[in-house]
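Peer 1: Handing you this structure, nothing more for now.
In my numbering, the protein residues as written are 421 to 724.
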């Protein structure tokens, strides 16, 4: 499944054949989405503008798709908080959603279909978010200020700022959350954060304007989507060495691991295509033609 950012729609594709099974209209410029706790509903952030550099006020809703009925089943309003973007589901069954204008992190109840709490963020344009598994802490990638904001979720307030530089974008972490990887797009770096001390631990040079990260299931490898160079990169998460790089995927961004763990899907946004790449050699195994500008990818197995 993916959203088509320039077609204002949500697409369900057969993973093996690549055939588009269903296309469902959404609000304007959908950007990210996540499945609800029972995987029956998809929740789509209606960003409303093309990119974080746009000046427009954007949208203020989260569109709900009933995956069984394959139609829109309602919306959640973010009110005065506009440009909802990142959305992450945690074990509690709650969503954590960023908005850029004003900058905030919201706790959303998908069952009640409402915002429960709103936490102001000091950084500008919080675009993506990583939430600790125990939901005690969160970090927002502030694309407009070159920072990461540190949020205490129990106290519901910001407790720190990490200066990363560049344009902070996607996060990834191993299962033990011993470190936190952050892609900085204009910085051409992967910044490694210490999530306990909330400091920069290391900087890894990554040419190509990295925008999204994906950790392999075993935590040994880090996949990087480089939106500037149209490439996918495989990085050894321990040694930090680049193992493979493959290209010609225009505006490479969203990624998702194949259930078997030996390959992954990558959105080539301006090719209007999702490609499946093998691991560890990054060879193209499959091409799925999509509607205009696919980005986030989620693998979904319908209930039988």
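A virtual CB, placed ideally from N, CA and C, is assigned to each residue, including glycine.
These numbers were taken from a predicted model, which means no experiment stands behind them.
1. Residue 451 and residue 505: beta carbons closer than 9 Å?
2. Need the endpoints of the beta strand (DSSP E) that residue 538 sits in, please.
3. So residue 657 and residue 639 are supposed to be a Cβ contact under 8 Å. How far apart are they, rounded?
4. Return the chain-ordered list of same chain residues with a C-beta closer than 7 Å to the C-beta of residue 555, the five sequence neighbours on each side being excluded.
5. Going by the beta-carbon positions, is the gap between residue 718 and residue 454 smaller than 9 Å?
6. Where does residue 691 fall in DSSP's three states?
7. What are the start and end residues of each continuous beta strand (DSSP E) run of 3 or more residues lying completely inside the segment 542-592, in chain order?
8. Between the C-alpha atoms of residue 689 and residue 633, what's the straight-line distance to the nearest angstrom?
9. So the candidates are 624, 558, 519, 576; which of them puts its Cα closest to the Cα of residue 564?
10. Does the beta-carbon of residue 497 have 16 or more other beta-carbons within 10 angstroms, so that it is buried, or is it exposed?
11. With a CB to CB cut of under 6 Å and the five nearest residues on each side skipped, what residues in its chain are close to residue 805?
12. Would you mind stating whether residue 552 and residue 456 have Cβ atoms separated by less than 9 Å?
13. Helix, strand or coil for residue 510, going by three-state DSSP, please let me know.
14. State the DSSP-derived secondary structure class of residue 680, mapped to helix, strand or coil.
15. Closest by CA to residue 424, which one among 449, 610, 440, 493?
16. According to DSSP, is residue 488 helix, strand or coil?
17. State the DSSP-derived secondary structure class of residue 423, mapped to helix, strand or coil.
18. Would you mind giving the Cβ-Cβ distance between residue 502 and residue 477, rounded to the nearest angstrom? I have them listed as a contact below 8 Å.
19. So, with DSSP's three-state summary, where would you put residue 604?
20. Among 435, 575, 508, which has the Cα closest to the Cα of residue 421?
21. Which residue comes first and which comes last in the beta strand (DSSP E) that contains residue 609?
22. So residue 430 is in the beta strand (DSSP E); what residue range does that whole segment cover?
23. If you compare alpha carbons, which of 517, 442, 437 is closest to residue 429?
24. Can you name, in chain order, every residue of its own chain whose Cβ lies under 8 Å from the Cβ of residue 541, other than the five neighbours on each side?
25. Measure from the alpha carbon of residue 499 to the alpha carbon of each residue in 440, 471, 473, 534, then state which is nearest.
Peer 2: Taking the structure as given:
1. Along the chain shown, one-based indexing puts residue 451 at 31. Along the chain shown, one-based indexing puts residue 505 at 85. Against a cut-off of 9 Å, the Cβ pair of residue 505 and residue 451 comes out as a contact.
2. The residue labelled residue 538 in the question sits at position 118 within the chain shown. 534-540 is the span of the beta strand (DSSP E), which, as asked, contains residue 538.
3. The count along the chain shown starts at 1 and reaches residue 657 at position 237. The count along the chain shown starts at 1 and reaches residue 639 at position 219. Right, the Cβ-Cβ distance comes to about 6 Å (below 8 Å), so this counts as a contact.
4. Against the chain shown, residue 555 aligns to sequence position 135. So the qualifying residues of the chain are 510, 512, 573.
5. Indexing the chain shown from 1 puts residue 718 at position 298. Indexing the chain shown from 1 puts residue 454 at position 34. In contact: residue 718 and residue 454 (Cβ atoms closer than 9 Å).
6. Mapped onto the chain shown, residue 691 falls at position 271. The answer is helix: DSSP assigns residue 691 an H, G or I state.
7. 546-551, 557-562, 567-572, 577-583, 588-592
8. Locating residue 689 in the chain shown gives position 269, counting from the first residue. Locating residue 633 in the chain shown gives position 213, counting from the first residue. Their backbone Cα atoms lie some 16 Å apart in a straight line.
9. Residue mapping note: residue 564 aligns to position 144 of the chain shown, counting from 1. Minimum Cα distance to residue 564 is reached at 519.
10. Taking the chain shown and counting its residues from 1, the one referred to as residue 497 is at position 77. Burial call: exposed.
11. Residue 805 lies beyond the residue range present for the chain, which begins at 421 and ends at 724; the question has no answer from this structure.
12. If you number the chain shown from 1, residue 552 lands on position 132. If you number the chain shown from 1, residue 456 lands on position 36. Not in contact: residue 552 and residue 456 (Cβ atoms no closer than 9 Å).
13. Walking along the chain shown from the start, residue 510 turns up at place 90. Coil, per DSSP.
14. Within the chain shown, the letter at position 260 stands for residue 680. Coil.
15. Walking along the chain shown from the start, residue 424 turns up at place 4. Comparing Cα-Cα distances from residue 424 to each of 449, 610, 440, 493, the minimum goes to 449.
16. Working through the chain shown from its first residue, we reach residue 488 at position 68. Of the three classes helix, strand and coil, the one that applies to residue 488 here is coil, per DSSP.
17. Position 3 of the chain shown, counted from the first residue, corresponds to residue 423. DSSP places residue 423 in strand when its eight states are reduced to three.
18. In the chain shown, counting from the first residue as 1, residue 502 sits at position 82. In the chain shown, counting from the first residue as 1, residue 477 sits at position 57. Confirmed, Cβ separation roughly 5 Å.
19. Here residue 604 is taken as the residue at index 184 of the chain shown, counted from 1. Residue 604 falls in the strand class under three-state DSSP.
20. Against the chain shown, residue 421 aligns to sequence position 1. When each option's Cα is compared against that of residue 421, the closest is 435.
21. Position 189 of the chain shown, counted from the first residue, corresponds to residue 609. Note, residue 609: beta strand (DSSP E), 609-614.
22. Numbered from 1 along the chain shown, position 10 holds the residue referred to as residue 430. 429-433 is the span of the beta strand (DSSP E), which, as asked, contains residue 430.
23. For this step, residue 429 is matched to residue 9 along the chain shown. Comparing Cα positions, the closest option is 442.
24. The residue labelled residue 541 in the question sits at position 121 within the chain shown. Within the same chain, residue 541 has close Cβ partners 518, 523, 524, 525, 560, 562, 569, 571, 578.
25. Residue 499 sits at position 79 when you count from the first residue of the chain shown. Measuring from the Cα of residue 499, the nearest candidate turns out to be 534.
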